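Each number in the numbering used here corresponds to the 1-based position in the sequence shown with 1 added. This report concerns only the one structure given below.
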Amino acid sequence: MLTDLFNRVMEVGARKIETKEIDGVTYTTDRLKPVYREPVSIIKLRTLDGLIDYIKSAADSKVKKGNLLIQIESPGSVRLFSELLESGGRDIYVECDALLPRINFDYSLDTEEFNIMLQSSFVDTEDKKLLLKVSGNVKETSVKTVQDDGVSQVVAMSTGVASVEDVILPNRVKLKPYRTFAEVDQPESEFIFRVKEGITFKLIEADGGAWRLDAIKNIKEYLEKKLEGIENIDIIA
Numbered sequence: 002m003l004t005d006l007f008n009r010v011m012e013v014g015a016r017k018i019e020t021k022e023i024d025g026v027t028y029t030t031d032r033l034k035p036v037y038r039e040p041v042s043i044i045k046l047r048t049l050d051g052l053i054d055y056i057k058s059a060a061d062s063k064v065k066k067g068n069l070l071i072q073i074e075s076p077g078s079v080r081l082f083s084e085l086l087e088s089g090g091r092d093i094y095v096e097c098d099a100l101l102p103r104i105n106f107d108y109s110l111d112t113e114e115f116n117i118m119l120q121s122s123f124v125d126t127e128d129k130k131l132l133l134k135v136s137g138n139v140k141e142t143s144v145k146t147v148q149d150d151g152v153s154q155v156v157a158m159s160t161g162v163a164s165v166e167d168v169i170l171p172n173r174v175k176l177k178p179y180r181t182f183a184e185v186d187q188p189e190s191e192f193i194f195r196v197k198e199g200i201t202f203k204l205i206e207a208d209g210g211a212w213r214l215d216a217i218k219n220i221k222e223y224l225e226k227k228l229e230g231i232e233n234i235d236i237i238a
């Protein structure tokens with residue numbers, strides 16, 4: 002009985018696999034599965050310059066010989082791929098993700114939290130200086146809305162050693178938060194600035210996410226400039 006079972010197994014294992022073409026489609030008499038090779042080890046980087054150094058150094062022979070594809074996935078993420086493989090996929094050689102601060106947009110922050118966020122996570126601009134001045138001098142009092150437009154706010158601010166005056170706050174400001182790789186210019190975008198009784202401050206993004214397109218464009222231009230003369234690289238965004 003065991004002999005019959007063994008012979009049956011051997012018979013099935015030795016069966017010839019045949020292929021037939023019907024109406025232009027190739028069929029097989031057995032179910033086949035592709036045997037994939039082990040994927041390459043992905044290198045994790047944090048800067049665009051690190052990615053550029055890797056490509057220029059040609060540390061890996063495959064990278065030096067083959068065609069490469071750089072994909073800018075987002076303002077904080079870039080990938081380096083191999084050329085198209087026979088399997089239809091691509092190897093990922095490098096994953097480059099920017100180190101970015103956590104910025105609390107759409108949250109009401111007290112004076113200290115707001116000032117720390119502005120000073121640590123935004124490029125110096127005139128509007129940044131204005132917001133720091135406002136947040137450092139607003140007094141604990143009622144926040145009023147200007148009646149003629151229903152948008153602008155009025156708060157009591159220190160304007161001298163012993164004087165306090167009502168001041169109309171800017172409703173929209175232009176700022177440059179750190180939202181992409183440090184090697185490229187940080188995109189400027191508009192924010193709605195609001196103050197609540199308490200006193201708390203809030204920044205709300207007001208450009209519909211257009212800054213992302215500017216950041217991706219900046220990354221592409223930077224990589225094209227730094228990799229100029231290297232012919233086996235395509236950059237897509």
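We treat Cβ as the ideally placed atom computed from N, Cα and C, and that holds for glycine. A quick note: this is a predicted structure, and the numbers were derived from the prediction, not measured.
Does Y94 come out as helix, strand or coil in the three-state DSSP assignment?
Strand, per DSSP.
Check each candidate in L214, S42, L132 and name the one with the smallest Cα separation from G77.
Measuring from the Cα of G77, the nearest candidate turns out to be L214.
In whole angstroms, what separates the C-alpha of L86 from that of D128?
CA-to-CA, the gap between L86 and D128 works out to about 50 Å.
Cα-Cα separation between D186 and Y28, rounded to whole angstroms
Each residue's alpha carbon lies about 56 Å from the other.
To the nearest angstrom, how far is it from the Cα of I193 to the Cα of F202?
Cα to Cα, I193 sits roughly 11 Å from F202.
L131 versus D125: straight-line alpha-carbon distance, rounded:
Counting only the Cα atoms, D125 lies some 11 Å from L131.
Name the residue from S136, V152, E84 whose alpha carbon lies nearest to the alpha carbon of K66.
Nearest of S136, V152, E84 to K66, Cα basis: E84.
For E39 and E19, the rounded distance between their alpha carbons:
Rounded to the nearest angstrom, the two C-alpha atoms are 28 Å apart.
Integer-rounded CB distance, given that I56 should sit under 8 Å from I231:
The Cβ separation is near 7 Å, so the contact holds.
With respect to the beta strand (DSSP E) encompassing S191, which residues constitute its N-terminal and C-terminal limits?
Here residue 191 turns out to be Glu, not Ser, going by the sequence shown. Taken as a continuous stretch (DSSP letters only), the beta strand (DSSP E) holding E191 covers 190-197.
Opposing strand residues paired with T27 [DSSP bridges]:
Answer by DSSP bridge pairing, in chain order: E22.
Measuring CA to CA, which of I71, T48, G25 is closest to E225?
It is I71 whose Cα lies nearest to the Cα of E225.
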